[in-house]
Structures are given as structure tokens and as C-alpha cells.
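As you go down the protein sequences, you meet chains A and G in turn. Note that full-length UniProt numbering gives residue 47 to position 47 of the first sequence, counting from 1, and the numbers run on in steps of one. Note that full-length UniProt numbering gives residue 9 to position 9 of the second sequence, counting from 1, and the numbers run on in steps of one. Here is the structure we will look at, set down as C-alpha cells.
2 protein chains.
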Amino acid sequence: MLSIGTMAKRTGSKVQTIRYYEEIGLMPAPERTEGGQRRYDQAALDRLSFIRHARDLGFSLGAIRELIDLSDTPDHACAHIDAIAHKQLKAVEAKLRRLRALQTELKRMISECSGGTVAECRVLEVLRDHGECLSDHSAEA
Amino acid sequence: MLSIGTMAKRTGSKVQTIRYYEEIGLMPAPERTEGGQRRYDQAALDRLSFIRHARDLGFSLGAIRELIDLSDTPDHACAHIDAIAHKQLKAVEAKLRRLRALQTELKRMISECSGGTVAECRVLEVLRDHGECLSDHSAEA
DNA sequence: CCTTGAACCTCTAGTCACTGGAGGTCCTAT
DNA sequence: ATAGGACCTCCAGTGACTAGAGGTTCAAGG
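Okay, structure coming up:
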């Protein structure tokens with residue numbers, strides 16, 4: 001049984017953030033000790049860890065809720081799962097394309113830099129033609 | 001010369017967001033018409049487009065400011081550029097790993113789904129061992 | 001040239017996703 | 001038994017927007 005502080009340490013989140021996720025219903029309310037302190041299990045740790053990673057990847061809490069629902073309710077209508085998974089996959093793949101472009105450009109700059117001169121930085125231009133999928137931050141559609 | 005509305009449309013942002021970026025100094029103050037309306041050029045459009053994409057990829061405005069500074073000041077000390085580029089590259093590569101894992105799992109679910117049954121959803125587990133780089137949301141270090 | 005209405009302006013307030021602090025209680029190691 | 005670190009609730013503040021009120025400007029049609 002894990003305390004909230006241990007959960008925070010293991011996932012790199014803040015204690016308050018975990019309580020916040022509970023408040024908005026993203027994390028289930030855990031068991032409590034006699035004295036009222038929260039005690040978590042492995043499933044809760046996995047869930048929190050997923051949330052933190054997905055947030056770091058730029059997913060909104062709404063989108064994350066959808067992804068978690070996929071695994072909370074494996075008996076959902078297949079068409080529903082399929083629609084959500086497809087939508088999230090498209091978002092993931094757009095992010096992948098843009099991240100790869102950024103990676104390439106940063107690498108180029110670093111290698112030029114070790115040669116002593118950075119001719120120019122093209123980080124701005126590099127993301128220009130990989131977009132098409134902006135503003136999918138809503139996920140409740 | 002582009003109006004703020006055109007800028008918003010082209011980058012998928014809101015008009016207010018653009019004004020907000022100007023307020024906090026992330027976008028330079030553009031020229032104005034006699035009547036006081038903002039008029040932007042191509043460079044401003046590129047810059048805004050970059051900001052929006054980078055935000056969508058989960059970078060903080062602080063991290064984005066750093067990336068933009070790389071291209072604003074090509075005459076910066078090479079060591080400085082190198083340090084920032086390396087740091088950002090590490091962040092990008094961690095995001096890439098986790099996104100790829102998520103992509104794989106979503107694809108698996110979709111293909112199982114088209115077969116009629118989704119045995120189980122492992123989106124949560126899939127991000128578990130690719131982390132190591134959480135909470136690099138600060139970028140001012 | 002004049003109008004008219006969509007797009008622009010500033011300013012303030014609200015939202016989402018946290019983050020920090022005050023003031024107090026619990027738990028565990030000595 | 002007790003000290004002090006971790007926990008509790010509640011509330012206020014931050015970062016990054018987003019919406020609305022109330023008023024001005026611009027450009028396309030008459």
C-alpha cells in the first residue's frame with residue numbers, strides 16, 4: 001500500500017496534483033487509513049503514471065480520460081473503441097511527424113555546432129509543413 | 001500584410017491567443033495601421049505557426065522561447081546553443097519513444113477491433129517503461 | 001462618396017490544469 | 001511517549017489561454 005508521497009515520487013508528480021486528479025474524478029478515490037490518509041495500489045500507480053506521461057506528450061485531460069476509458073471498459077461497443085482509437089492514433093501520428101522533424105533539425109544544429117559554426121537555425125521552418133492536425137485539444141467530440 | 005484574423009485562421013489559433021503572445025513578449029509587437037490594427041508579415045506567421053505546433057507537442061512557452069531564441073540569435077555562443085539544443089533534443093527523443101509505444105498499442109487495438117473482439121486494452125501499461133524524462137516542463141534552467 | 005457589418009481594438013473576467021501555503025492532524029522511528 | 005516528517009483540508013495564485021462587453025476601423029456594395 002503506497003502513500004500519496006510515494007506515488008508522487010514514483011511518477012514525478014506533485015502530491016497536490018494527485019489530489020487534484022482525484023477531485024476531478026480522473027483518479028479513483030483510494031482507500032484511507034483509520035486516520036484518513038490515502039493508500040494506493042499498483043493499479044493506481046500505473047494509472048497515474050500513464051496520465052503524467054500523456055500530459056507530457058501534450059494530451060488534454062479530456063483526451064486522457066478517453067484513452068483511460070478504453071482500458072477501463074473493455075466491454076464497450078467495438079465501434080466506439082475503434083472511433084476513439086482511430087482519432088487518438090491520428091493525433092499521435094501527427095505529433096510523431098512533427099517531433100521527428102524537430103529532432104532532425106536539432107541534431108543538425110548540434111553537429112554543425114561541434115564543427116565550430118552554426119550557420120543558421122531552422123527550427124521554426126522545420127515544423128511548417130507537417131501540421132494539418134492542430135487544435136485537436138478538445139477530445140470530447 | 002496579414003490581419004490578426006488571417007494569422008489566426010492560418011495557424012489554427014485564436015485571435016486572443018495571438019494578442020496574449022504579444023503581451024508576454026513571445027510574439028514581437030507588429031506594425032499597426034493608421035487606425036491601430038495589427039498587420040503581420042510572413043516571419044510573424046512562421047513564428048506563430050511554430051509556437052502553436054510546439055505547444056501541441058507539449059512544450060511549455062518557456063521551452064519554446066528557448067527554441068525560438070536559437071533562431072533569433074544565430075550569433076550566440078556555440079556552447080550555449082549546444083546546451084539548449086541537446087536538452088531539447090533529449091526531451092524530443094523521450095517524447096518520440098513514448099509516442100511510438102502509444103501508436104503501436106492503438107494500432108493493435110484497432111486491428112483486433114476489426115476482427116470483432118478487443119481482448120484488452122494496454123494503453124496504460126504501454127507507457128510504463130519509456131519514461132525516465134518526466135517533468136522537464138521547466139526549461140529555464 | 002457613403003454606409004454597414006464583419007473584423008478589429010482594449011479591458012476585464014473566467015477556465016483548465018495545476019502549484020503553493022496556512023493551519024492543523026497522523027504515523028512511525030527512537 | 002514524543003518529535004518531526006508526511007499527511008489532511010481549504011483557499012489563493014500561476015500559466016496559458018478563452019470569452020464577453022463595449023466601442024472603433026476597414027473594405028465591399030450601393
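Every residue, glycine too, gets a C-beta built ideally from N, C-alpha and C. In this text, all values refer to a predicted model and were calculated from it rather than measured experimentally.
Going by other Cβ atoms of all chains shown within 10 Å of its Cβ, with 16 needed for buried, is A/Tyr-21 buried or exposed? Looking up residue 21 of chain A in the first sequence gives position 21. The residue in question, A/Tyr-21, is buried, as its Cβ has 16 or more Cβ neighbours within 10 Å.
Please name the residue or residues paired with G/Tyr-40 in a DSSP beta bridge. As a first step, residue 40 of chain G must be located in the second sequence, where it is residue number 40. Partner(s): G/Leu-2.
Taking A/Ala-85 as the query, report the chain G residues whose CB atoms sit under 8 Å from its CB, ordered along the chain. As a working note, residue 85 of chain A is residue 85 in the first sequence. Taking a Cβ-Cβ cut-off of 8 Å, the neighbours of A/Ala-85 in chain G comprise Leu-106, Met-109, Ile-110, Cys-113, given in sequence order.
Can you tell which of G/Val-15, G/Met-27, G/Ala-43 has the C-alpha that lies nearest to the C-alpha of G/Met-1? In the second sequence, counting from the first residue as 1, residue 1 of chain G sits at position 1. Minimum Cα distance to G/Met-1 is reached at G/Ala-43.
Between which residues of its own chain and G/Ile-64 is the CB-CB distance below 6 Å, once the five residues before and five after are set aside? Mapped onto the second sequence, residue 64 of chain G falls at position 64. Once the five neighbours on either side are set aside, the close Cβ partners of G/Ile-64 are Ile-51, Ala-54.
Return yes when the Cβ of G/Gln-103 is within less than 8 Å of the Cβ of A/Leu-99, no when it is not. For the purposes of this step, residue 99 of chain A is taken as residue 99 along the first sequence, with counting starting at 1. For the purposes of this step, residue 103 of chain G is taken as residue 103 along the second sequence, with counting starting at 1. For A/Leu-99 and G/Gln-103, no; Cβs fall outside 8 Å.
Residues of the stretch 30-53 of chain G whose Cβ lies closer than 8 Å to any Cβ of chain A, in chain order: Asp-46, Arg-47, Ser-49, Phe-50, Arg-52, His-53
Given a threshold of 16 other Cβ atoms within 10 Å of its Cβ, counted over all protein chains shown, does A/Arg-47 qualify as buried or as exposed? Counted from its first residue, the first sequence places residue 47 of chain A at position 47. Burial call: buried.
Mind listing the chain G neighbours of A/Gln-16? Cutoff is C-beta to C-beta under 9 Å, in chain order. For this step, residue 16 of chain A is matched to residue 16 along the first sequence. By Cβ distance, chain G contributes nothing, its closest Cβ being about 14 Å from A/Gln-16, past 9 Å.
Is it right to say G/Gln-88 is buried, meaning 16 or more other beta carbons lie within 10 angstroms of its own, or is it exposed? By one-based count along the second sequence, residue 88 of chain G stands at place 88. Per the 10 Å Cβ criterion, buried.
A/Asp-56 and G/Gly-62 - do their beta-carbons sit closer together than 8 Å? Position 62 of the second sequence, counting from 1, holds the residue named residue 62 of chain G. Position 56 of the first sequence, counting from 1, holds the residue named residue 56 of chain A. For G/Gly-62 and A/Asp-56, no; Cβs fall outside 8 Å.
So, is the C-beta of A/Gly-58 closer than 8 Å to a C-beta in chain G? Within the first sequence, residue 58 of chain A is the residue found at index 58, counting from 1. Yes, contact with chain G.
Terminal residues of the continuous alpha helix (DSSP H) containing A/Thr-33? Indexing the first sequence from 1 puts residue 33 of chain A at position 33. Counting along the chain, A/Thr-33 falls outside any alpha helix (DSSP H), and DSSP gives it neither H nor E.
Neighbour flag for G/Glu-22 against chain A, beta carbons, 8 Å: One-based indexing of the second sequence puts residue 22 of chain G at position 22. Output row for G/Glu-22: interface = no.
Apply the 10 Å Cβ neighbour rule to A/Thr-6 and answer buried if 16 or more other Cβ atoms are within range, or exposed otherwise. Residue numbering aside, residue 6 of chain A sits at position 6 when the first sequence is read from its first letter. Per the 10 Å Cβ criterion, exposed.
Assuming the contact rule is C-beta atoms closer than 8 Å, A/Ala-85 and A/Leu-70 should be a hit. Round their C-beta distance to whole Å, please. Residue 85 of chain A sits at position 85 when you count from the first residue of the first sequence. Residue 70 of chain A sits at position 70 when you count from the first residue of the first sequence. Confirmed, Cβ separation roughly 7 Å.
On a Cα-Cα basis, can you pick out the residue from A/Ser-3, A/Lys-107, A/Thr-11 that is closest to residue 152 of chain A? Nothing about residue 152 of chain A can be reported from this structure: the residues present for chain A run from 1 to 141 only.
In chain order, what residues of the same chain have a beta carbon less than 8 Å from the beta carbon of G/Val-126, not counting five sequence neighbours either side? The sequence position of residue 126 of chain G within the second sequence is 126, counting from 1. Within the same chain, G/Val-126 has close Cβ partners Ala-101, Leu-102, Thr-104, Glu-105.
For A/Glu-93, go through chain G and note every residue whose CB falls closer than 8 Å to its CB, in chain order. On the first sequence, residue 93 of chain A is found 93 positions in, with the first residue counted as 1. Within chain G, the residues near A/Glu-93 are Gln-103.
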